[in-house]
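Written below as C-alpha cells is the structure these notes are about.
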Amino acid sequence: MPILSRYPTLSLNRTETELLRLICEGFSDADIGECLAQTERCVREARNGLIEKFGLKNTTQLMLRALTGGYTRVSWW
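Mapping the sequence shown onto our numbering, position 43 (from 1) lands on 45, and the numbers just tick up by one.
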C-alpha cells in the first residue's frame with residue numbers, strides 16, 4: 003500500500019495552508035507572525051493545532067506530512 007494512501011486527506015483553510023508553507027520554508031515563529039499579522043504565541047498555538055489535527059507528534063512530522071501529502075509546496079522541494 004502506498005504511504006500516502008494510509009493517511010486521510012484533511013481539509014485546511016487558507017491560513018492553515020499558508021502557515022504550513024511558511025513552516026516548511028523554514029521561517030521562525032516571529033517571521034511567520036509578522037507575515038500573518040499574528041503574535042508568536044498565536045503562531046505556536048496554530049502550529050500545535052495543526053500537529054494535533056494531523057495526529058502527529060512534532061513539527062518535523064508536520065513538515066514531512068505537508069510536503070509529501072501535497073498540502074503545500076516550497077521553493078527548495
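No residue lacks a Cβ here, since even glycine has one placed at the ideal position from N, Cα and C. This structure is a prediction, so every number in the text was calculated from the model and none was measured.
In the structure shown, the three-state DSSP call for Arg75 is coil. Three or more beta-carbon pairs drawn from the region 42 to 50 and the region 13 to 28 are found closer than 8 Å, and the two stretches are therefore classed as touching. Between the alpha carbons of Tyr73 and Ala32 lies a gap of roughly 22 Å. Counted as a single uninterrupted DSSP element, the stretch harbouring Asn15 is not any alpha helix (DSSP H), since DSSP gives it neither H nor E. Straight through space, the alpha carbons of Leu38 and Cys44 are spaced by roughly 10 Å. With contacts defined by Cβ atoms closer than 9 Å, Arg75 and Leu66 do not form a contacting pair.
No residue range can be given for Lys59, since it is assigned to no alpha helix (DSSP H) and is classified by DSSP as neither H nor E.
Under the DSSP assignment, Gly35 falls in the alpha helix (DSSP H) whose first and last residues are 31 to 38.
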